[in-house]
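In what follows, a single structure is set out as structure tokens and then discussed.
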Amino acid sequence: MSRWYDGVIYRIGELAVRAGVSKRTIDYYTSIGLLNAERTRSNYRLYDDEALSDLKYIEECKSMHFPLEEIRRKLEIKKAGIIRESEVCEQAYSVAQQMKQLQDDLTALLPLIRKLDAQKRDSVSRNLNQECSALLQSLKELTS
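Numbered per the numbering used here, the sequence shown spans residues 11 to 154.
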């Protein structure tokens, strides 16, 4: 446990509050190996900043409807920092499929967005434009 003394340590309740999830969710992710915890002598689970980061990443992936096994694979790649060429191609294909799905979703939403009052429509437009710009910047980096 000494590896944690140089950083922040969270008990399960604190981690749940910081990540905006239930303790039960953390229990589940820990039991299936998506999150790592250290046990104290009194059997409390302690989590570090990496666990908080992982938990936020898991929840983000879940919001995009990734299955848990895909999330596990993404976490492993993220932590290892190494990825096989075939996995790079597979991930790139997956991202392209997600982009296609997002385009389809946006096309379906456009008639509804147009019906919003001007202030809400402008807010949605700014948000979408900001995310599009970030995506385009990432794609430019790919080709440079």
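Using N, Cα and C, we set each Cβ at its ideal position, and we do this for glycine too.
Determine the direct distance from the alpha carbon of ILE81 to that of LYS72, and round the result to whole angstroms.
-> Counting from 1 along the sequence shown, the entry for residue 72 is found at position 62. Counting from 1 along the sequence shown, the entry for residue 81 is found at position 71. LYS72 and ILE81: Cα-Cα distance of roughly 8 angstroms.
Only counting runs of 4 or more residues, tell me where the alpha helix (DSSP H) segments fall wholly within the segment 67-97, in order along the chain.
-> Fully enclosed alpha helix (DSSP H) runs of 4 or longer: 78-90.
Outcome for ASP64 when other beta-carbon atoms lying within 10 angstroms are tallied against a minimum of 16 | As a first step, residue 64 must be located in the sequence shown, where it is residue number 54. Around the C-beta of ASP64, 16 or more other C-beta atoms lie within 10 Å, and the residue is accordingly described as buried.
Where the alpha helix (DSSP H) through TYR39 begins and ends | Locating residue 39 in the sequence shown gives position 29, counting from the first residue. Start and end: 33-41.
When the Cα of TYR38 is compared with those of SER52, ALA102, ILE68 and GLN101, which residue comes out closest?
-> As a first step, residue 38 must be located in the sequence shown, where it is residue number 28. With distances taken between Cα atoms, TYR38 lies closest to ILE68.
Pick from GLN101, GLN107, ASN139 and ILE19: whose alpha carbon is nearest that of THR50?
-> Taking the first residue of the sequence shown as position 1, residue 50 is located at position 40. Closest by C-alpha distance to THR50, out of GLN101, GLN107, ASN139 and ILE19, is ILE19.
With ARG21 as the anchor, note down where its beta strand (DSSP E) starts and where it stops.
-> The sequence position of residue 21 within the sequence shown is 11, counting from 1. For ARG21, the uninterrupted beta strand (DSSP E) run begins and ends at 19-21, by DSSP.
Starting from GLU48, follow its DSSP beta bridges and name the residues at the other end.
-> Taking the sequence shown and counting its residues from 1, one reaches residue 48 at position 38. Partner(s): LEU56.
Excluding five sequence neighbours on each side, which residues of the same chain lie with their C-beta closer than 8 angstroms to the C-beta of VAL134?
-> Counting from 1 along the sequence shown, the entry for residue 134 is found at position 124. Closer than 8 angstroms at Cβ, skipping near neighbours: ILE123 and LEU126.
Which class does ASP127 belong to by DSSP, given the choice of helix, strand or coil?
-> What you label residue 127 is simply residue 117 of the sequence shown in a count that begins at 1. It is coil, neither helix nor strand.
Buried versus exposed call for LEU25 [16 or more other C-beta atoms within 10 Å across all chains shown] = To locate residue 25, count along the sequence shown from 1; it is residue 15. Here LEU25 is buried. Its C-beta has 16 or more other C-beta atoms within 10 Å.
Determine the burial state of ASP132: buried for a count of at least 16 other Cβ atoms within 10 Å of its Cβ, exposed for fewer.
-> On the sequence shown, residue 132 is found 122 positions in, with the first residue counted as 1. With fewer than 16 other Cβ atoms within 10 Å, it is exposed.
Rounded C-alpha distance that separates GLY30 from CYS99 = Walking along the sequence shown from the start, residue 30 turns up at place 20. Walking along the sequence shown from the start, residue 99 turns up at place 89. Going from the Cα of GLY30 to the Cα of CYS99 covers about 33 angstroms.
Closest residue to ARG21 among ILE42, ASN53 and SER41 (Cα-Cα distance) = Numbered from its first residue, the sequence shown carries residue 21 at position 11. Among ILE42, ASN53 and SER41, the Cα nearest to that of ARG21 belongs to ASN53.
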